[in-house]
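When we follow our numbering, the leftmost residue of the sequence shown carries the number 2, and every step to the right adds one.
All C-beta atoms in this analysis are idealised placements derived from N, C-alpha and C, irrespective of residue type, glycine included.
The next block holds one structure in the form of structure tokens; read it before the comments.
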Amino acid sequence: MDYKDTLLMPKTAFPMRGNLPNKEPERQAEWEENHLYEKSLERAKGRPQFILHDGPPYANGDLHIGHALNKILKDFITRYKSMSGYYAPYVPGWDTHGLPIETALTKKKKINRKELSIAEFRKLCEEYALKQIDNQREQFKTLGVRGDWDNPYITLTKEYEAAQIKVFGEMAKKGYIYKGLKPVYWSPSSESALAEAEIEYQDKRSPSIYVAFEVIDGKGLLDEGNKLIIWTTTPWTIPANLGISIHPELEYVVVAVNEEKYVIAHALLEAVAEVLEWKDYQVEKTFRGEQAEHILTKHPFYDRSSLVMLGDHVTTDAGTGCVHTAPGHGEDDFYVSKRYGIDVLCPVDEKGVFTDEAPGFTGLFYDKANKVITEKLEEAGALLKLQFITHSYPHDWRTKKPTIFRATSQWFASIKDFRQTILEEIKNVQWYPQWGETRLYNMVRDREDWCISRQRTWGVPIPVFYGEDRTPIITDETIHHVSELFKQHGSNIWFEWEAKDLLPEGFTSEHSPNGIFTKELDIMDVWFDSGSSHEAVLVGREDHYRPADIYLEGSDQYRGWFNSSLSTSVAVTGKSPYKTVISHGFALDGDGRKMSKSLGNVIQPAKVQKQLGADILRLWVSSVDYQADVRISDHILKQISEAYRKIRNTIRFMLANLSDFKPSTDRIPYEELEEVDQYMLHQLKKLVADVREYYDNYEFSPIFHQIHNFCAVDLSSFYLDFAKDILYIEAADNKRRRSIQTGYYEVLTAIVKLLTPIIPHTAEEVWEYIPEAEAEWVQLTDMPDPKAMKSWDDVAKKWDQFMLIRDDVLKALEEARNEKVIGKSLEAKLTIVPKDTQTQNMLQAMEHLHQYLIVSEVNVVEESDDTKQYTYVDVQVEKHPGEKCERCWVASNTVGDDDEHPTLCSRCAAVVKQHKSM
């Protein structure tokens, strides 16, 4: 007879290859059709809530790898929470206002704005944004991200804008909103003010000049004709110079050089002398900065004076210790000049072009004026040195062009008025990583005001009216009315209706005796939009609450969404909008370089999905230390694919060996399991406990590594390997066989559940093949508990020791193989000499020792002259003298004992006879 027919070989329809790119879309369609997101919430009703609040990505363009990293991390958390006792809704959001959409319409779509009214152009912006959302939504769904995709929050919706107006109104009511003339970051390329969050630093080559200002009134301290030296990298601001700032406590010197007398800070004398190439110089006088207050100098080329003022912002880090002060072009300059009653002079318009207030330079673009102004200084004999430096300079994050500081009339939120409360709230938040707390704390600590107005079209209008005397009008009544109008009609009416139609009926104000009102035409900073989501979403949605449990975004959001959300929430409620903040790094290529089209190193999520599948991308996310910058490349993804294959094939082996196992009838009670199976369940218990703790602490990389390691080492190299001699060889109902199958069943269901948040497509595929699974969908089950049995510790101690002994045996077998003593391990006969009585007793009492070591025979003896020494035992490996059984391949002295089956060992002969009789 053919003995192969008597073996219980593995059988499963579960495919070896995942074929993920083809199967995942089908599975996602199935989830949508069966409303699995809604079912996950229905199942969890009555459980504690858990809210991860989505930071809204900008609705423009296809997804990049950073989007995928962000959304997949969020999906890990919400899926895990939903499987571990929580009601965990996930509402995705989109940020839809701002310059990129305006630019996309005018440049890509070739829309001529001049031919359209503001309201018409805004309508096109809205249509464009909604199309972008549809595109991105489909791409997010293909990543397997589960959420309320049919009801996202969108910053352009009527309800959202109405909530945002409420936040603005509440802040205005508390006196935090004001209008003022002040230097702000200004982008000539965007023709708009910018917030700090919209600034990025890039290297820029700038002129570096040293300029002499001649004293015309030394106040008895300095002689007329002495010259204060200033240093600046922005020559174009010299026409706006109205003063020179010095530090009250610094020591200054009058230095005689080449018949001139110059004034600089003593601490910078050597550095300045080197730059200006002073060979012989003499310090003639020393004085403290405070003594020079109110000294007058002459502007280098205008007929006006520049006042010497005292300012704590002056340092000796660079320059001369005498700081060129133009109140229209610098924040420190503005504040120090204000203290001395000096008005702002800002001779540069919104396009960065000089106005008539800078005679001689009218019509010049500020950057082009640098050369002309430097030549003018040289002509006047005031230029002491011109050189060029490359330094870090603020740029507009959207246009990538340099910005300037420019004094304009803007709307501000006064952060300093509630800054202390923000700082206290930061300490009450849990931060992952911990340095996030320090980073945000330092940003807020140094912040005075937030410029919230923008001179753009596509955004939420600032809901302010003006009286006939130009006094701004913001009252509870007007805010409530505008909020309700926006909720009903949307914010476009602000640009379609007259001011009188936007005001409450019968509204009057002392500032408009004739009842004539106008309205503000600036819009709000987009960070005010997304920063109001705690009001619009956390308060506005029935199944949400404020503060949210988690905000999770990229590390650039410390200056962005984390910051603006905290500022508006503390302003309105006195509390942080979040309990925990998690930040992730940026995605770099395999060499740690930033991705860019020019380098050709961009990895698109869609391409990875088409080639490898979303689960491979998700597994990659789980494998990296996401709180730092992460690397991705074709090579890295290939390694991840190998790890996926290892996990999949381990699972497939267990499924194949459960083909004849029915848990309801075949499962063995724990107390009756073989010790080795009890031990493997103990190892599983440790894995489950560790993995759940990692999930709870939002650490995903150890989950990936531990599960992969468990599959490769604990299972494949041991539990799945030795068990073949039992699973394939013994009769179907053999108790040891059913014991192993019980172990496999427990291990399989637990691992699939642990992997569900990470690779849900594969997990659901596996679940379909698990016999008598507890639910139709694995994502609608709960995470496994790390079950513990009283006797487990004793079993674990014994088998941990066995695994150390096994390592010695594996070394001995490898050496014997190299020495050609044996080929395969089943040809071996072992003699083991334990090094202590405890080990000897344990091994002698262990039944089936040869099977666990995958050899044909083991003898445990007290001593032997032929063994080699190893760490825990001494081992001799010999070729077994018995014949190889045709059925089980074990070498046995019993082969040939059964006349009916002369090529089988006695064990196999008995099983075959039982098989024939059935």
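Of all the options the options, which has the alpha carbon lying nearest to the alpha carbon of residue i?
i	options	result
H585	E536, S565, Y559 and V212	Y559
Q877	P473, D867 and Y871	D867
C126	F803, A105 and I405	A105
D96	F723, A910, F529 and V856	F529
R531	N20, C889, A713 and E554	Reading off the sequence shown, one finds Ser at residue 531, where the question assumed Arg. Per the Cα distances, E554.
P740	I727, E769, V185 and I669	Note on residue identity: the sequence assigns Ser, not Pro, to residue 740. Of the candidates I727, E769, V185 and I669, the one whose C-alpha sits nearest the C-alpha of S740 is I669.
F711	A751, F51, K339 and L223	A751
R448	P761, C323 and S568	S568
V212	V753, E380, G94 and G290	E380
N493	A274, H65, M525 and K124	K124
L74	N443, N23, E34 and Q628	Q628
H300	I66, Y253, E294 and I230	I230
R289	R632, Y303, A319 and L222	L222
V255	E225, D626 and A690	E225
Q640	Y873, A607, G591 and K663	G591
P758	I390, M784, E747 and Y746	M784
Under 8 angstroms by Cβ, that's how I've got residue i and residue j pegged, so tell me the actual separation to the nearest angstrom.
i	j	result
L613	L638	6 angstroms
Y177	D544	Contact flag wrong, Cβ pair sits at about 31 angstroms.
Q137	Y88	Incorrect: roughly 27 angstroms between the Cβ atoms, too far for contact.
V345	L182	6 angstroms
Q29	A607	14 angstroms between Cβ atoms; not a contact.
Under a three-way DSSP split, which group does residue i fall into?
i	result
Y91	coil
M804	helix
L297	strand
D304	coil
Y699	coil
Y4	helix
V891	coil
C126	helix
I423	helix
V430	coil
L844	helix
W412	strand
D63	coil
F508	coil
F335	helix
A257	strand
H248	coil
K884	Just to set this straight, residue 884 is Glu in the shown sequence, not Lys. Residue state, collapsed to three classes: strand.
C909	helix
Y467	strand
V185	strand
M525	strand
S634	coil
H325	strand
Taking the continuous beta strand (DSSP E) assigned at residue i, which residues delimit it?
i	result
K386	L384 to D397
I855	Run containing I855: none; DSSP gives neither H nor E here.
Y177	Counting along the chain, Y177 falls outside any beta strand (DSSP E), and DSSP gives it neither H nor E.
E554	A549 to G555
Between which two residues does the alpha helix (DSSP H) carrying residue i extend?
i	result
L728	K725 to L728
R289	Segment Q283 to R289 is the beta strand (DSSP E) holding R289; no alpha helix (DSSP H) there.
F77	I66 to S83
S624	A615 to S624
W436	W436 to R446
E201	Segment I200 to D218 is the beta strand (DSSP E) holding E201; no alpha helix (DSSP H) there.
Decide yes or no for the touch test of the stretch 646-657 against the stretch 90-101: beta carbon pairs closer than 8 angstroms, at least 3 of them. With a cut-off of 8 angstroms, the stretch 90-101 and the stretch 646-657 do not count as touching, because too few Cβ pairs lie within range.
Does the stretch 613-622 come within contact of the stretch 677-687, defined as at least 3 CB pairs closer than 8 angstroms? These segments do not touch.
Is the stretch 813-823 touching the stretch 114-126, taking contact as three or more C-beta pairs under 8 angstroms? With a cut-off of 8 angstroms on Cβ pairs, the stretch 813-823 is not in contact with the stretch 114-126, counting fewer than three such pairs.
Cβ contact (3+ pairs, closer than 8 angstroms) linking the stretch 198-210 and the stretch 392-401: Judged by pairs of C-beta atoms under 8 angstroms, the stretch 198-210 touches the stretch 392-401, as three or more such pairs exist.
Would you check if the stretch 235-247 and the stretch 423-442 touch, i.e. whether three or more CB-CB distances between them fall below 8 angstroms? No, because fewer than three Cβ pairs between the stretch 423-442 and the stretch 235-247 fall closer than 8 angstroms, the two stretches do not touch.
Assess, as a yes-or-no matter, whether the stretch 351-362 is touched by the stretch 257-269 under the definition of 3 or more beta carbon pairs within less than 8 angstroms. With the cut-off at 8 angstroms, the stretch 257-269 and the stretch 351-362 do not touch.
On the three-pair Cβ rule with 8 angstroms, is the stretch 48-64 touching the stretch 3-20? Too few Cβ pairs lie closer than 8 angstroms, so no.
Is it true that the stretch 827-837 meets the stretch 849-862, where meeting means three or more beta-carbon pairs spaced less than 8 angstroms apart? Contact between the stretch 827-837 and the stretch 849-862 is established, with three or more Cβ pairs separated by less than 8 angstroms.
Would you say the stretch 578-597 touches the stretch 431-445, given that touching needs at least three Cβ pairs under 8 angstroms? Contact check between the stretch 578-597 and the stretch 431-445: three or more CB pairs, one atom from each, fall below 8 angstroms, which counts as touching.
Three Cβ pairs or more, each shorter than 8 angstroms: is that satisfied between the stretch 641-649 and the stretch 697-717? The stretch 641-649 vs the stretch 697-717: in contact.
Okay, do the stretch 471-483 and the stretch 167-177 touch, 3+ Cβ pairs below 8 angstroms being the bar? Judged by pairs of C-beta atoms under 8 angstroms, the stretch 471-483 touches the stretch 167-177, as three or more such pairs exist.
Taking one C-beta from the stretch 140-147 and one from the stretch 70-84 each time, how about it: are there three or more such pairs within less than 8 angstroms? Touching, yes, given that three or more Cβ pairs across the two stretches are closer than 8 angstroms.
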